[in-house]
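Enquirer: Once you've had a glance at the structure underneath, I'll fire off some questions.
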Amino acid sequence: MIIDCAVYQDGKRRPGEVALHEAYEAGHADNAFVWIGLYEPDEAEFDSVRREFNLHELAVEDAINAHQRPKLEVYDDTLFVVLKTARYVDTDDTVEFGEIMLFIGSQFVVAVRHKPASALGDVRKQIESRPDLLRFGPGAVLYAILDRVVDDYQPVVDGLDQDVKEVEGEVFSHAGTNPAERIYLLKREVIEFHQAAAPLTEPLDRLVHSLVPGMHGELGEYFRDIQDHLLRVVDNVNGFRELLTSVLQANLTQVALRQSEIGVQQNADMRKISAWVAIVAVPTMIAGIYGMNFEYMPELTWTFGYPLALAVMAGACIVLYRAFRRNGWL
Amino acid sequence: MIIDCAVYQDGKRRPGEVALHEAYEAGHADNAFVWIGLYEPDEAEFDSVRREFNLHELAVEDAINAHQRPKLEVYDDTLFVVLKTARYVDTDDTVEFGEIMLFIGSQFVVAVRHKPASALGDVRKQIESRPDLLRFGPGAVLYAILDRVVDDYQPVVDGLDQDVKEVEGEVFSHAGTNPAERIYLLKREVIEFHQAAAPLTEPLDRLVHSLVPGMHGELGEYFRDIQDHLLRVVDNVNGFRELLTSVLQANLTQVALRQSEIGVQQNADMRKISAWVAIVAVPTMIAGIYGMNFEYMPELTWTFGYPLALAVMAGACIVLYRAFRRNGWL
Amino acid sequence: MIIDCAVYQDGKRRPGEVALHEAYEAGHADNAFVWIGLYEPDEAEFDSVRREFNLHELAVEDAINAHQRPKLEVYDDTLFVVLKTARYVDTDDTVEFGEIMLFIGSQFVVAVRHKPASALGDVRKQIESRPDLLRFGPGAVLYAILDRVVDDYQPVVDGLDQDVKEVEGEVFSHAGTNPAERIYLLKREVIEFHQAAAPLTEPLDRLVHSLVPGMHGELGEYFRDIQDHLLRVVDNVNGFRELLTSVLQANLTQVALRQSEIGVQQNADMRKISAWVAIVAVPTMIAGIYGMNFEYMPELTWTFGYPLALAVMAGACIVLYRAFRRNGWL
Amino acid sequence: MIIDCAVYQDGKRRPGEVALHEAYEAGHADNAFVWIGLYEPDEAEFDSVRREFNLHELAVEDAINAHQRPKLEVYDDTLFVVLKTARYVDTDDTVEFGEIMLFIGSQFVVAVRHKPASALGDVRKQIESRPDLLRFGPGAVLYAILDRVVDDYQPVVDGLDQDVKEVEGEVFSHAGTNPAERIYLLKREVIEFHQAAAPLTEPLDRLVHSLVPGMHGELGEYFRDIQDHLLRVVDNVNGFRELLTSVLQANLTQVALRQSEIGVQQNADMRKISAWVAIVAVPTMIAGIYGMNFEYMPELTWTFGYPLALAVMAGACIVLYRAFRRNGWL
Amino acid sequence: MIIDCAVYQDGKRRPGEVALHEAYEAGHADNAFVWIGLYEPDEAEFDSVRREFNLHELAVEDAINAHQRPKLEVYDDTLFVVLKTARYVDTDDTVEFGEIMLFIGSQFVVAVRHKPASALGDVRKQIESRPDLLRFGPGAVLYAILDRVVDDYQPVVDGLDQDVKEVEGEVFSHAGTNPAERIYLLKREVIEFHQAAAPLTEPLDRLVHSLVPGMHGELGEYFRDIQDHLLRVVDNVNGFRELLTSVLQANLTQVALRQSEIGVQQNADMRKISAWVAIVAVPTMIAGIYGMNFEYMPELTWTFGYPLALAVMAGACIVLYRAFRRNGWL
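Residue numbers (my numbering), protein chains in the order written: chain A, 933 to 1262; chain B, 933 to 1262; chain C, 933 to 1262; chain D, 933 to 1262; chain E, 933 to 1262.
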């Protein structure tokens, strides 16, 4: 699907709608270039574009299949750029990845967007308000899109940061939950995000140092600005990795400790119950002795035999109780 | 065993079967090269090839022994390439490795395949349909085979990804199993696969930057495409390594927690049983006391002595029951 | 807010207060430069500065937003430097980060300070006492500020070192606490500090090797001195990371051991109580037997039946006591 | 002790025994070189050699003391090479290290072997059968010895691989052993072996790229062959390190699980015993009640009092038994 | 404090004591240089030296404050070198660090020693016995001191090796101790030692490759010898780090296992005691039954009622005993 197609001359958008074939022609004018935005194009649409701009078959193949690695490749006089967009989905704490592919020639930009990638309409409007940059030609469009993609990484970093802090809170709280799975899934997400963002540093480095043909020298500083943001993102992501490894380790300690504390409490209960049973067993034994049916048991005939026996029982209990208390068992 | 032997002239296969010695001759024509496919050749067969193309003794030695490291070596005017093929075996979740060795001169390609490596017949057919590439000479064959080998890594990555997800599921499920062994074996597999795939990045880098003699400049972009796929594979494999380390750690937490929860439940049972025993011990003691045979025990002669005793017993039990209940022991 | 604004000529500060617009003019004199200190400037103030010194829009944007990565960027004839200041807050054992941004041209220095960064008034006084350095122009100011920022890292390192030693002490003490959370938070702090300090090594390297335009060659040795301090800081921080990983692991061992020792003690108590109950159970059983009401029980009529029974009971208890004692149960 | 001393001319060994001083002279002929093999030489022997070939004092010092790091050093026109040999000792699963030092000039090779290093007689015979290589001079001897040393690493790798597999088997078996010590000692061995083998990659790299003076260019490919083997060895060793770290972690899980399972079984036993005791306690209590000596206990005079009491006892036992059974306690 | 001050001419020490100001003068002679040894100099002493040799203020500042990072800095025509000395203190198994700073010009060496660093008198004597080296000027002194400092690392490595082996022994012994703290402190020591030794590799590399001005070319080989020793030390230290990480992990396993085994034994004891109590409970219950006072209990009047009851009791006990025995509870 063609989203937008416009011709830019001397940094300004030519007014009016342009059909694809008009755009091709218009793009050959001096100081002009075409910017075509495609959304999951079908083969026919793409074929026209491909032939018009003489795109390399390998780049085209990559552009149709999603799941590429972020990269910037130079094919003769055309650049092929793959970008991974990332979006933090608040509802289920996950990161959603999209893809944008760009073909950039001296007089054209073809932007192919794959499904979950955010629309580029905004980017177009924004850069159109900067004729001073657009004058630098297609490179300015590359800058604008890169800038947006990398800026969009920041909310992901913030979301992950939030998540890391939440699991930290959970690990060290006394709620008694075991966030091992959440930590692990977060780590998985962080690794995936790293794989989306980190490979972009190398192409940006080439852009900063003007090692990519066809980019106006003035843009170098703009690309450096993006690179700087990207490095900050990557630094943060690496920090998350290390923190999550530590928090997983700390979680083991906390879970083990918590379980162990439950066990210790239970053992203390058991000890207490057993101590009471032990105390009760003694008068039971004494009672048993005086319940024996021997004919000659002098105590039985004593007037104060019974109260004495009770006293002995009570005494034994008190002695035991005190001893157990002293040991901390009761 | 000679699998196939063909002469390519100007990017097209010369029709008809060619015997080995005919191929040698034909290969000297302008814009022509021979492509000989061998499958675990015996010494005699190989010796003929070796003498014809003047292959270096060290390369030949490596080609006969399997278990080489992936590499690309330049011997004067001959390239020697070792590739590790990988195949994910669904039936037992393992990865099977094979080997392909290539000798590439300006007018010949000798491909030696070792047992579990997949046949190259397909590759031959595919590249024969691209005379525009075959025109670049033996380098095009190297491209075609490298492309296939690296493309074949993708299903392995997918299989391993599946396995990692399965063990994750197992670790965090409530099935109560201990997948430590499976995680470990998976890690072993991932390391082995990394050792097969990763060393290829360096030779591909040299191919991309045209640092290998005898490769047509136009092929650079094609090799870059392969390199890109390979880097994606290596990225994924490194991700698996890190994930498996984490999941092994998480598994320890889960197993420890699960065992500990069983222990806690058992302790709670024990506490409950002991509490009941303690309750029963009290009326037993009282009964014992009134079972004593003292002559002077006034209570025994009371009319309501017996019901009173029962009431005391019941009362004691109720008091204990409530106390234990309050403590959460019952 | 403008903090200070002065003109330096031949390494000496021109006396008297200077308004902003005067400073601009004065700064064009030979061997002179302006140094303007701003504290969280509002847009209007900054706009005047920006227009006067023709600062690049990207640098200005970075200077207004805090939370930048430490860096040194060259824009045509202006340097833009971002520094992270760090301060160890004793009261709650945390590290507080601030930011200083510098715009450095051949005849001006604009220093922008963000909130928690420490004031630069001291630095100004210190460097003003060194006309031999100030003679080198704005580079001397860069040196002075860098030197202060990196020197201020040392107390942070000392504070973290103290903290690491405290958690070590806690882990290996017998206090029975679990410092897992503190270790983790310390690690988080160390990672954050690393992210503030480590990226500065690269710009300093460029300064040391005179790869930054507009810096007097003599200053190279001064920048090397700073770099040396920075490297020491980074070395220490890396050491902390490794130590904290180890201490977290050691803490798991200590906590597990401590809990386990409590459990062992409790088990020993239980065993002791149970052993006493078992001892008492035996005379209870014997007493029970002689409490049976069979008509023909010859022992009951023996004159010494009762003492004999008591003796048997006592004997059984003694035997059991000795056996349990031998087993270490009592 | 002088083991062997021979002169090689045009790639062939001059027949007959040669005394040391004859060798010195003979070695000055065109296309000739001397190869002297020493075994733990005493100072006198070595001194003669040192003076004859003008060996550097530092190299000589290193050659006499064992325990060097593998290295290749260039002293003016002499190479000094230190190699670590390794041998897997099957009887006690350990790796034994030896040392070989080589002094290589344009017309001589002095090989010094230290005790546990394997004899070089074989190497000499093997390379003597290759006059085409020996013609390249002393470099060919270096190749031959390096080739042997690195080839001899393979059995060590195989032995360690076997050991790793054995500990894996032990960890995941149900034998109930704790191979932590063996894993640790294996890791120690692997680290030691890595320290012996890995430093050789750098000198080999220099040899491959002909950065070492005095080596014939044709030998480059031969050294590359050795380097390739060495890299394979190092790859394997690194794999072992990672595997052993994982297996140590997995072992902790297995040991903890196993112990915990024993504990769970014991607890289940205890619960069962306690449950039986609890069941028995109830009829004991009832019997106690009817053993009381109250004068007015109507049940005692009932004709069916006794069987009724028994029935109540039995009933209580059955009810309890069923309840315990339902809870899974019996 | 001035320790020693001597003038060396043509590789030989000029006889007699020399005062500081004489030394300054004498050092200007051809082929001569002064070597001044200072021990924690006071400001006055140092100031004289500083002015005489025109030392850079930054270097002087570093020389007075200890706690520098090992480094080699070039200031115009003066080298400034910081070295960390290390000494293994047997009595308490710790490593003691000292510092030596060197200022080296074309005709002077100023060596500043800080407190715990070992005296350099020995080094002076040793190098004075080598006029062939001393002839190379101050570089020879640098060599001699570096050689001593690095040689002195070896006993530290040996001491740490011994310590590592001791904790290994402790971990895997059956002594039942928990060496977690010792392992941790050892790791701390190893990291500290690494920070003292490892930064020296880079300056040594520059010395080996003659990238430091003013060093005689012949000394390159001597510096390489030191570098080689240093690399061996660093290799060993890295090995210790990895081993200590593993041993800490193994210790966790061992401690957990040991504690768990104690628990298992205790549980087995408890089970045994409980089993005995259960056995005794049965005859107690039977005795209780026949102790009931029902009027109509036919068994009570049987002639053999009593022996029968005893037989039933004994029988029940035997049956239970056998059952428990079969279950492994007794």
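Don't be surprised by glycine CBs; every beta carbon is placed ideally from N, CA and C.
At a Cβ threshold of 8 Å, is M1229/D touching chain B?
Expert: Numbered from 1 along the fourth sequence, position 297 holds the residue referred to as residue 1229/D. Closer than 8 Å: yes.
Enquirer: Since F1256/A is in the alpha helix (DSSP H), which residue starts that stretch and which ends it?
Expert: Position 324 of the first sequence, counted from the start, is the residue given in the question as residue 1256/A. First-last of the alpha helix (DSSP H) with F1256/A: G1237 to R1258.
Enquirer: Helix, strand or coil for V1144/E per DSSP?
Expert: Numbered from its first residue, the fifth sequence carries residue 1144/E at position 212. Coil, per DSSP.
Enquirer: Candidates V1169/C, F1104/C and L1034/C: which alpha carbon is nearest Q1086/C's?
Expert: Along the third sequence, read from residue 1 onward, the residue named residue 1086/C stands at position 154. That would be V1169/C, whose Cα lies nearest to the Cα of Q1086/C.
Enquirer: Alpha carbon to alpha carbon, how far is N1259/C from V1209/C? Give it in angstroms, no decimals.
Expert: The sequence position of residue 1209/C within the third sequence is 277, counting from 1. The sequence position of residue 1259/C within the third sequence is 327, counting from 1. Cα to Cα, V1209/C sits roughly 16 Å from N1259/C.
Enquirer: Are the CB atoms of P1111/C and V1122/C nearer to each other than 8 Å?
Expert: By one-based count along the third sequence, residue 1111/C stands at place 179. By one-based count along the third sequence, residue 1122/C stands at place 190. It is not a contact, given that the beta carbons lie outside the stated cut-off.
Enquirer: Could you name the residues of the region 1002-1034 of chain E whose beta carbon sits closer than 7 Å to any beta carbon of chain C, in the order they occur along the chain?
Expert: Cβ contacts with chain C come from K1003, E1005 and Y1007.
Enquirer: So, helix, strand or coil for V1263/E, using DSSP?
Expert: Only positions 933 to 1262 of chain E appear in this structure, which leaves residue 1263/E out of reach.
Enquirer: How big is the Cα-Cα spacing for D1160/C and D1083/C?
Expert: Working through the third sequence from its first residue, we reach residue 1160/C at position 228. Working through the third sequence from its first residue, we reach residue 1083/C at position 151. Taking the straight line from one Cα to the other gives about 11 Å.
Enquirer: Nearest CA to the CA of Y1238/D: which residue from L1011/E, A1255/E, G1220/E and A1246/E?
Expert: In the fourth sequence, residue 1238/D corresponds to position 306, counting from 1. The shortest Cα separation from Y1238/D among L1011/E, A1255/E, G1220/E and A1246/E belongs to G1220/E.
Enquirer: Is the beta carbon of G959/A sitting closer than 8 Å to the one on F1040/A?
Expert: Position 27 of the first sequence, counting from 1, holds the residue named residue 959/A. Position 108 of the first sequence, counting from 1, holds the residue named residue 1040/A. Contact: yes.
Enquirer: Looking at the C-beta of F1104/B, does it have a partner C-beta in chain A at a distance below 8 Å?
Expert: Within the second sequence, residue 1104/B is the residue found at index 172, counting from 1. Output row for F1104/B: interface = yes.
Enquirer: Among residues of its own chain, excluding the 5 on either side of I1214/C, which ones have a beta-carbon nearer than 6 Å to its beta-carbon?
Expert: To locate residue 1214/C, count along the third sequence from 1; it is residue 282. Note that residue 1214/C is Val in the sequence shown, not Ile. Excluding residues within five positions, the ones whose Cβ falls inside 6 Å are A1248.
Enquirer: Residues of the region 1119-1150 of chain E with a CB closer than 8 Å to any CB of chain C: list them in chain order, please.
Expert: Going along the region 1119-1150 of chain E in chain order, one finds K1119, R1120, I1123, E1124, Q1127 and P1131 with a Cβ nearer than 8 Å to chain C.
Enquirer: Compute the Euclidean distance between the alpha carbons of A1241/B and T1185/D, then round it to the nearest angstrom.
Expert: The residue you call residue 1241/B lines up with position 309 of the second sequence. The residue you call residue 1185/D lines up with position 253 of the fourth sequence. Going from the Cα of A1241/B to the Cα of T1185/D covers about 56 Å.
Enquirer: From what residue to what residue does the alpha helix (DSSP H) around M1033/C run?
Expert: Mapped onto the third sequence, residue 1033/C falls at position 101. First-last for M1033/C: T1026 to I1036, but that is the beta strand (DSSP E), not the alpha helix (DSSP H).
Enquirer: Would you say N1110/B faces chain D, with C-beta separation under 8 Å as the test?
Expert: To locate residue 1110/B, count along the second sequence from 1; it is residue 178. Answer yes: the Cβ-Cβ gap between N1110/B and chain D drops below 8 Å somewhere.
Enquirer: Roughly how many angstroms separate the alpha carbons of Y971/C and V1140/C, rounded to a whole number?
Expert: As a position in the third sequence, residue 971/C is number 39, starting the count at 1. As a position in the third sequence, residue 1140/C is number 208, starting the count at 1. If I take the Cα positions, the gap works out to 29 Å.
Enquirer: Based on DSSP bridge pairs, tell me the residues matched to L1011/C.
Expert: What you label residue 1011/C is simply residue 79 of the third sequence in a count that begins at 1. Looking at the DSSP assignment, L1011/C forms a beta bridge with V1006/C and I1036/C.
Enquirer: Are the C-beta of F1226/E and some C-beta of chain D separated by less than 8 Å?
Expert: Start at 1 with the first residue of the fifth sequence, and residue 1226/E comes out as number 294. It does: the Cβ of F1226/E has a partner Cβ on chain D nearer than 8 Å.
Enquirer: Could you spell out the range, first to last residue, of the alpha helix (DSSP H) harbouring W1208/E?
Expert: Residue numbering aside, residue 1208/E sits at position 276 when the fifth sequence is read from its first letter. Looking at the DSSP string, the run of the alpha helix (DSSP H) that includes W1208/E is G1152 to Y1222.
Enquirer: Give me the chain B residues within the contact set of W1208/A, using Cβ-Cβ distance strictly less than 7 Å, ordered along the chain.
Expert: Residue numbering aside, residue 1208/A sits at position 276 when the first sequence is read from its first letter. A1210, listed in chain order.
Enquirer: Which chain A residues are close to Y1116/C, counting only those with a beta carbon under 9 Å from its beta carbon?
Expert: Residue numbering aside, residue 1116/C sits at position 184 when the third sequence is read from its first letter. Residues of chain A passing the Cβ test: E1100, V1103, F1104, L1175, S1178, V1179, Q1181 and A1182.
Enquirer: Distance cutoff 8 Å, beta carbons only. Does G1220/B sit that close to anything in chain D?
Expert: As a working mapping, residue 1220/B is identified with position 288 in the second sequence. With 8 Å as the cut-off, G1220/B counts as an interface residue toward chain D.
Enquirer: Under 9 Å Cβ-Cβ, which residues of chain A neighbour H988/C?
Expert: Here residue 988/C refers to the residue found at position 56 of the third sequence. Neighbours of H988/C on chain A, chain order: E1153.
Enquirer: Going by DSSP, what residues sit across from V1021/A in a beta bridge?
Expert: Along the first sequence, read from residue 1 onward, the residue named residue 1021/A stands at position 89. DSSP output for V1021/A lists T1026/A as bridge partner(s).
Enquirer: Say whether chain C places a C-beta atom closer than 8 Å to the C-beta of P947/E.
Expert: Here residue 947/E is taken as the residue at index 15 of the fifth sequence, counted from 1. Chain C, which has no Cβ nearer than 8 Å to the Cβ of P947/E, makes this no.
Enquirer: For D1201/A, return the contacting residues in chain B, with the cut-off set at a CB-CB distance below 8 Å.
Expert: Numbered from 1 along the first sequence, position 269 holds the residue referred to as residue 1201/A. Near D1201/A (Cβ distances below 8 Å), the residues of chain B are R1203, N1259 and W1261.
Enquirer: Are the beta-carbon atoms of E1031/E and Q1000/E separated by less than 8 Å?
Expert: One-based indexing of the fifth sequence puts residue 1031/E at position 99. One-based indexing of the fifth sequence puts residue 1000/E at position 68. Yes; because the gap between Cβ atoms is below 8 Å, this pair is in contact.
Enquirer: Quick one: what does DSSP say F1226/A is sitting in, helix, strand or coil?
Expert: By one-based count along the first sequence, residue 1226/A stands at place 294. Of the three classes helix, strand and coil, the one that applies to F1226/A here is coil, per DSSP.
Enquirer: For F1125/E, name the three-state secondary structure that DSSP assigns.
Expert: If you number the fifth sequence from 1, residue 1125/E lands on position 193. DSSP places F1125/E in helix when its eight states are reduced to three.
Enquirer: With a threshold of 7 Å, establish whether the CB of E1060/A neighbours any heavy atom of the ligand PLP.
Expert: Although the ligand PLP was asked about, the structure shown includes no ligands whatsoever.
Enquirer: Taking 8 Å as the threshold (C-beta atoms), are L1034/C and V1013/C in contact?
Expert: As a position in the third sequence, residue 1013/C is number 81, starting the count at 1. As a position in the third sequence, residue 1034/C is number 102, starting the count at 1. Yes, they are a contact pair.
Enquirer: I'd like to check one pair, L1118/D with D1095/D: are the Cβ atoms closer than 8 Å?
Expert: Position 163 of the fourth sequence, counted from the start, is the residue given in the question as residue 1095/D. Position 186 of the fourth sequence, counted from the start, is the residue given in the question as residue 1118/D. Yes, they are a contact pair.
Enquirer: If we count the other Cβ atoms within 10 Å of its Cβ and call it buried at 16 or more, is Q1191/E buried or exposed?
Expert: Taking the fifth sequence and counting its residues from 1, the one referred to as residue 1191/E is at position 259. Answer is buried; the Cβ neighbour count reaches 16.
Enquirer: In the DSSP assignment, the alpha helix (DSSP H) including F985/D goes from what residue to what residue?
Expert: Within the fourth sequence, residue 985/D is the residue found at index 53, counting from 1. Where F985/D is concerned, the enclosing alpha helix (DSSP H) stretches over E975 to F985.
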